[in-house]
């Protein structure tokens, strides 16, 4: 089968962002499918291509997958207007690719939601079925965060409705995301949950450890690795660092790895408040991040205090912590809290409660035996439940089933649209 997988923010393991699309397209190719992956130039991402761009694109093979990369920069630090232009530019280029190529199926991986445009166009004009992958529910999350004009939200509502109703199958990363698809008119039988998984190769006890030079040998390192944006709620982590400093806690250092629009303000605040227990690090390739996790003692999963985040997110940060065999401290209820409770592989605290977050970090710094027990439970969860290779097989089955024609109901006209 010839598959076009559209994910504007794709990265291979050489980048500092999530690699779900890399694992899924490799799994599809391993099952004998001819896979073309189209992406843009996302900040921190590495496509695996290194040749020059010609006429705004470059392409080549990365392993068994054909990769088409458009010269369209995009990143969290960009303003809303600039990002919207980048989203629409990618949608236009991807539509041209989808219409010119001879594909049997399109996978449209959102966000951004505009990736649905080429999938909908290929279905309408070429009868090409598509799978709609929901990584974050849009416009539900932008609406909850605020700051997006109403006309834009209304346009996104129409686009999300069309994608959910016309897709041959929908893959959601959590039960909460699946519910948003059903609420938009998707038939329940076409909605499948395939969550983020653990990379047991890049993260785990077998990985050689690395610690930054600023970290003292006796310090317990708590790592947050990911976007530094408005949705990540990292001010609460600095609040917790201030509480720990005021208590005279010297056994723990907080590492923030990554970039984003909020980072300059966070760095300035940490310097102004004298938070010597906080260190900021640049984004790093996933293999390097795995080494940092191996040299650390706690993984952090943090988001802003929005109720919608409880069931509508599926961040890689928890999966990376589990795979590395680290106890995870999360400030989210709902799905995140359930995952760490099942181990028990971590501690959940209320969002925005700096004192509770500081207490959780101090407790783990003070009790190495507890860290060992929770870390062992985390790795056990990663291996038995969240191995992304097993989840990729489930994804491949959904995609293959979506390409099969739907049998006509008795009395239905032959050739009726599916």
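In this note's numbering, the protein residues as written are 22 to 439.
The C-beta atom is built at its ideal place from N, Cα and C for all residues, glycine as well.
Computed from a prediction, not measured in an experiment: that's the story for all the values here.
Residue 153 is bridged by DSSP to 129 and 191. In this model, residue 53 and residue 22 are separated by some 8 Å (Cα to Cα). Every unbroken stretch of the beta strand (DSSP E) spanning 3 or more residues and falling wholly within the stretch 76-111 is given here in chain order: 78-83 and 86-95. Ranked by Cα distance from residue 191, the first of 172, 171, 197 and 214 is 214. Considered as a whole, the stretch 361-407 harbours 367-369 as its complete beta strand (DSSP E) runs of no fewer than 3 residues, in chain order. Around the beta-carbon of residue 241, 16 or more other beta-carbon atoms lie within 10 Å, marking it buried. Taking all protein chains shown into account, residue 230 has fewer than 16 neighbouring C-beta atoms within 10 Å of its C-beta and is therefore exposed. One alpha carbon belongs to residue 234, the other to residue 138, and they sit about 47 Å apart. Inclusion of residue 225 and residue 345 in the CB contact set at 8 Å is warranted, their separation being smaller than that value.
Setting aside the 5 residues that flank it on each side, residue 247 is surrounded in the same chain by 279 and 338, each with a C-beta closer than 6 Å to its C-beta; the list follows chain order.
Within a 10 Å sphere around the beta-carbon of residue 134 sit 16 or more other beta-carbons, which makes this residue buried. Collapsing the DSSP output to three states places residue 339 in a helix. The beta strand (DSSP E) runs lying completely inside the stretch 167-238 and spanning 3 residues or more are 190-193 and 212-214, given in chain order. Among the bridge pairs identified by DSSP, residue 28 is matched with none. When only Cα atoms are considered, residue 408 and residue 417 end up about 15 Å apart. The straight-line gap separating the alpha-carbon atoms of residue 382 and residue 254 is approximately 17 Å.
Rounded to whole angstroms, residue 28 and residue 402 show a C-alpha spacing of 28 Å. Residue 319 is classed as buried because its beta carbon has at least 16 other beta carbons within 10 Å across all chains shown. Rounded to the nearest angstrom, the Cβ distance from residue 423 to residue 150 is 6 Å, consistent with a contact under 8 Å. If you draw a straight line from the Cα of residue 187 to the Cα of residue 204, it comes to about 14 Å. Put simply, the stretch 371-378 does not touch the stretch 386-402. Fewer than three CB pairs are less than 8 Å apart.
When the five nearest sequence neighbours on each side are left out, the beta carbons in the same chain lying within less than 8 Å of the beta carbon of residue 329 are those of 161, 162 and 165, in order along the chain. In the displayed model, residue 297 falls within coil according to three-state DSSP, outside both helix and strand.
Under the 8 Å Cβ criterion, the stretch 124-131 does not count as touching the stretch 86-104, having fewer than three qualifying pairs. Nearest neighbour of residue 267 by Cα position, chosen from 147, 405 and 379, turns out to be 379. Between the C-alpha atoms of residue 221 and residue 271 there is a straight-line separation of about 32 Å.
Between the alpha carbons of residue 168 and residue 327 lies a gap of roughly 14 Å. In this structure, DSSP gives residue 272 a state outside helix and strand, which the three-state scheme calls coil. Secondary structure at residue 325: coil, using DSSP grouped into helix, strand and coil. With respect to the 8 Å criterion, residue 148 and residue 356 are not classified as neighbours on the basis of their beta carbons. Where residue 61 is concerned, the enclosing beta strand (DSSP E) starts and stops at 55-63. Closest option to residue 35, judged by alpha-carbon separation, among 67, 25 and 42: 67.
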